[in-house]
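Quick note on this note's numbering: the sequence shown kicks off at 1 and runs consecutively. Yeah, the Cβ is synthetic: ideal placement off N, Cα and C, and Gly gets one too.
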Amino acid sequence: MKLIVGLGNPGNEYANTRHNTGFLLIDKLADKLHVELDKSKCKAIYGIYRYKGEKIILAKPQTYMNLSGQAVSGLLHFYHMDVKDLIVIHDDLDLPLGKLRLRKQGSSGGQKGMNNIIELLGTQNINRARIGISNDKLIDTKDYVLGQFSKEEKEVLNQVLDKATEAMIYSFDHSFEEVMSKFN
Numbered sequence: 001m002k003l004i005v006g007l008g009n010p011g012n013e014y015a016n017t018r019h020n021t022g023f024l025l026i027d028k029l030a031d032k033l034h035v036e037l038d039k040s041k042c043k044a045i046y047g048i049y050r051y052k053g054e055k056i057i058l059a060k061p062q063t064y065m066n067l068s069g070q071a072v073s074g075l076l077h078f079y080h081m082d083v084k085d086l087i088v089i090h091d092d093l094d095l096p097l098g099k100l101r102l103r104k105q106g107s108s109g110g111q112k113g114m115n116n117i118i119e120l121l122g123t124q125n126i127n128r129a130r131i132g133i134s135n136d137k138l139i140d141t142k143d144y145v146l147g148q149f150s151k152e153e154k155e156v157l158n159q160v161l162d163k164a165t166e167a168m169i170y171s172f173d174h175s176f177e178e179v180m181s182k183f184n
């Protein structure tokens, strides 16, 4: 069993913002796998994909970014899963737009949702896919991450979301180390 969680903020006003890159990937993955995100539990909406007799849970916390750990820890406990079965997907200001970086552990790097997950799970040993959204130093960080992608940025974003979708599907049959080796 695997739990793949994309971080973002619920609500239409945040739907296509930079900070919702994790949600965008979950939506793309769900579309590709024909999974409906039609379940609600543990402060998250999610869907279940069955792959070779195993459940792959695709989830989007509904707690707002800063409290994402509540949904993640709740789903892990509800489904009796270990942290090693978790992959968290989130935006990263420190990576160039379109860059995908997979890691097995580390600090939150200032990403508030990841910080809350680390705090509530009590470990930094969490598989994650970081998707670069760049950083416009001329715009306040909050305004930047809650801003929409431009048309040109969306083209670059769609390419990295396709690559990240492939990486998540590859993880169904391969260790996270193998996924990192192939997609980093």
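Asked: Run the CB neighbour count on residue 70, radius 10 Å, all protein chains shown included, and call it buried at 16 or more, exposed below.; Found: buried
Asked: Roughly how many angstroms separate the alpha carbons of residue 29 and residue 124, rounded to a whole number?; Found: 25 Å
Asked: Check residue 79 in the structure and name its three-state DSSP category.; Found: coil
Asked: Skipping 5 residues on each side, what residues in its chain have a beta carbon closer than 7 Å to that of residue 182?; Found: 170
Asked: Under 9 Å between the Cβ atoms of residue 166 and residue 104?; Found: no
Asked: Is the stretch 20-29 touching the stretch 155-164, taking contact as three or more C-beta pairs under 8 Å?; Found: yes
Asked: Leaving out five residues on either side along the sequence, give the residues of the same chain with a beta carbon under 8 Å from the beta carbon of residue 147.; Found: 17, 18, 139
Asked: Just reading off the beta strand (DSSP E) that residue 6 is part of, what are its end residues?; Found: 2-6
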